[in-house]
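J.:
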Amino acid sequence: RKRVLSGVQPTGSIHLGNYFGAIKNWVDLQEEFDAFYCVVDLHAITPGNHDAAALKASTRSSAAIYLAAGLDPEKSNVFVQSHVAAHSELCWLLNCATPIGWLEKMIQARSISHWSPYDRFKEKARKAGEDVSVGLLDYPVLMAADILLYNADVVPVGEDQRQHLELTRDVAARVNNLYGGNKWKKLGPKKGDGARAPSGRFRGGDVLKVPEAYIPKAGARVMSLTDGTSKMSKSNPAEGSRINVLDSPDEIAKKIKRCKTDAFEGLEFRNPDRPEATNLLTMYQLCTELSEEEVIAACGDMRWGDFKPALTEAVIEHLRPIQSRYDEIVSEEGYLDGVLKRGADAANEVAEKTVADVRDAMGFLPRS
Ligand code: AQP
């Protein structure tokens with residue numbers, strides 16, 4: 045089976061964007077793939093000034109939301125990134141094989157609108173001021189390590205992450221070029237052209253599998269409630285800009301009541317002058333699982349005053365079963381920890397093997 049790997053950063057509450065854009069798709073992918081889904085806590089500390097207690101709470105609650113949203117521990121390995129030490133170790137090994145210019149080029153290449161790594165870096169760097177951390181520049185290498193450790197075939201990330209996958213490929217190819225010649229590879233009975241090793245193995249071979257830059261059909265994009273042109277985000281200081289998966293019905297109602305709309309008649313998708321209309325209709329469509337035509341048939345003639353309660357109801361109803369599963373998961377003593385332990389054990393087994401191969405190829409003395 046092909047393997048899929050993905051994760052969300054525990055940098056706050058998981059919102060409808062993370063859920064519809066990522067987690068909900070993972071649930072479908074677990075049927076088809078050997079699935080590894082982690083809470084990427086090591087990525088969450090790149091701002092350099094995180095709150096330790098909040099990180100812990102957010103890591104647990106993110107993992108519980110993964111399960112509540114439908115990830116099945118019998119089908120998916122759900123784990124916390126920092127529980128698999130190989131992520132940090134491989135990141136360091138890759139750091140030393142990655143030219144710094146590759147990272148600088150990534151953040152300078154202004155591309156794909158506000159989803160680009162450039163803007164992510166600039167925005168976060170601006171907030172951090174002079175204290176901007178090395179980790180913020182380096183996180184694409186950590187992401188490369190995440191992917192390469194598991195030989196992932198599929199990495200379900202948004203278009204914004206395409207550059208990261210390309211960097212991952214480049215770094216893997218460079219490690220293979222630099223150190224592949226040191227790897228002893230079994231070539232079977234047929235004679236290869238490498239030097240014969242004592243055990244009958246031959247020199248040469250790839251240390252890391254270069255992943256295909258395959259990005260499956262992107263999940264839905266959910267935009268901010270207060271600005272239909274910027275994405276819904278955990279780090280937006282305005283709480284009213286997002287709906288969290290764990291928001292109470294009252295909070296959801298309040299946020300939708302106050303969300304930005306426009307002064308046009310009727311409701312429509314994709315009018316470039318009406319980003320909020322597109323976003324709120326999309327949210328309605330995602331929550332009701334209706335087609336676009338059905339949404340327009342039901343709501344096209346509505347005024348905002350009628351649509352907002354309908355949207356509120358749809359969001360609350362969609363989230364209700366997830367929230368009640370969440371409550372069960374967190375109240376069952378030891379359940380979540382058990383799932384995360386089994387997930388980390390399975391992840392460690394794969395990741396340790398990869399990092400051991402890299403260590404060996406790079407010339408580290410094996411521990412006896
Ligand atoms: N608004 C969104 N719409 C659709 N998908 C989204 N994702 C994030 N926001 C939206 C997807 O969620 C996954 C995990 O995201 P992440 O936690 O790694 O970081 P992010 O993309 O930067 O998400 P946030 O919520 O905006 O976090 P902060 O504010 O901490 O940077 C990814 O697959 C992403 O595409």
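Each residue of the sequence shown is one higher than the last, beginning at 45 in full-length UniProt numbering.
Idealized CB from N, CA, C, for every residue including glycine.
None of the values given here were measured: they were computed from a predicted structure.
#1: Might you give, ordered along the chain, the residues of its own chain that have their beta carbon closer than 6 Å to the beta carbon of Asn121, omitting 5 neighbours on each side?
#2: Got a sec? Which residues, its chain only, sit under 6 Å from Cys331 by beta carbon, not counting five neighbours each side?
#3: Within 6 Å: the Cβ of Val122 and any heavy atom of the ligand AQP?
#4: Does the distance between the C-beta of Ala66 and the nearest non-hydrogen atom of the ligand AQP fall short of 6 Å?
#5: Determine the burial state of Ala130: buried for a count of at least 16 other Cβ atoms within 10 Å of its Cβ, exposed for fewer.
#6: Could you check whether the stretch 61-69 touches the stretch 100-114, counting it as contact only if at least three pairs of C-beta atoms, one from each stretch, sit closer than 8 Å?
#7: Please classify Tyr194: does DSSP put it in a helix, a strand, or coil?
#8: Tell me, please, whether the stretch 333-351 touches the stretch 300-316 by the rule of three or more beta-carbon pairs shorter than 8 Å.
#9: Using a 10 Å radius around the Cβ and a threshold of 16 neighbouring Cβ atoms, would you call Pro184 buried or exposed?
#10: Buried or exposed for Pro255, going by 16 or more other Cβ atoms inside 10 Å?
#11: If contacts are defined as beta-carbon pairs under 8 Å, then Val374 and Ala108 qualify, I think. What distance do you get, rounded to the angstrom?
#12: How many angstroms separate the CA atom of Ser368 from the CA atom of Ala101?
#13: Would you decide whether Thr273 is buried or exposed? Buried here means 16 or more other CB atoms lie within 10 Å of its CB.
#14: Quick check on Ala241: does DSSP put it in helix, strand or coil?
#15: By DSSP, does Pro365 sit in helix, in strand, or in coil?
#16: Have a look at Gly51 and Leu73 and give me their C-alpha separation to the nearest angstrom.
#17: First and last residue of the alpha helix (DSSP H) that includes Val383?
#18: For the beta strand (DSSP E) that Ser50 lies in, which residues bound it at each end?
#19: Express the C-alpha separation of Arg206 and Ser243 in angstroms, rounding to a whole number.
#20: Taking only runs that begin and end inside the stretch 319-360, name each unbroken alpha helix (DSSP H) of 4 or more residues, in chain order.
#21: By Cβ distance below 7 Å, which residues in the same chain neighbour Gly56 in space, the five residues on each side in sequence not counted?
T.: In short, the structure shows the following:
#1: Phe80, Gly387, Ala390, Ala391
#2: Ala358, Val359, His362
#3: With a cut-off of 6 Å, the C-beta of Val122 is classified as distant from the ligand AQP, since no heavy atom of the ligand falls inside that distance.
#4: Under cutoff, so the answer is yes.
#5: buried
#6: yes
#7: coil
#8: The stretch 333-351 is in contact with the stretch 300-316.
#9: It counts as buried.
#10: buried
#11: 5 Å
#12: 19 Å
#13: exposed
#14: Confidence at Ala241 is low in this model, with a pLDDT of 44, below 50, so the placement of that residue is unreliable and no value is reported for it.
#15: helix
#16: 13 Å
#17: 379-406
#18: 47-52
#19: Confidence at Ser243 is low in this model, with a pLDDT of 47, below 50, so its placement is unreliable and no value can be given for it.
#20: 319-332, 336-343
#21: Ser102, Lys278, Ser279
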